[in-house]
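Here the structure comes first, spelled out in structure tokens, and everything after it is commentary.
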Amino acid sequence: MTHAVGPYSVEERTVHGETRWVAIRARGAEWSWLTPEEAAEIGRAWVERYAGPKERSTRAVVAE
Numbered sequence: 001m002t003h004a005v006g007p008y009s010v011e012e013r014t015v016h017g018e019t020r021w022v023a024i025r026a027r028g029a030e031w032s033w034l035t036p037e038e039a040a041e042i043g044r045a046w047v048e049r050y051a052g053p054k055e056r057s058t059r060a061v062v063a064e
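Counting with my numbering, you get residues 1 to 64 for the letters of the sequence shown.
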């Protein structure tokens, strides 16, 4: 199932009810397929690098 989130899309592939792959695509680029762990690590890195102080504290709670 594909979810549009702002200017990018996220798709999850599940096998036997468990997420095995997460894909992200921005602005029509090719899909990048990641494991859920890789996707979570990239998300944490992006929050640390690009979010402001208020967003960082709010999103850290959501991510955990």
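C-beta: ideal position from N, C-alpha, C; glycine also.
Quick caveat, the model's predicted, so the values are computed rather than measured.
Endpoints, alpha helix (DSSP H) assigned at residue i
i, result
"alanine 68", "No statement about residue 68 is possible, as the shown extent of the chain runs from 1 to 64 and does not include it."
Delimiting residues of the beta strand (DSSP E) encompassing residue i
i, result
"glutamate 11", "8–15"
Distance between beta carbons of residue j and residue i, contact taken as under 8 Å
i, j, result
"threonine 35", "tryptophan 21", "7 Å"
Review point. Does the count of Cβ pairs from the segment 12–20 and the segment 40–51 closer than 8 Å reach three?
Key: Cβ pair count under 8 Å is below three, so no.
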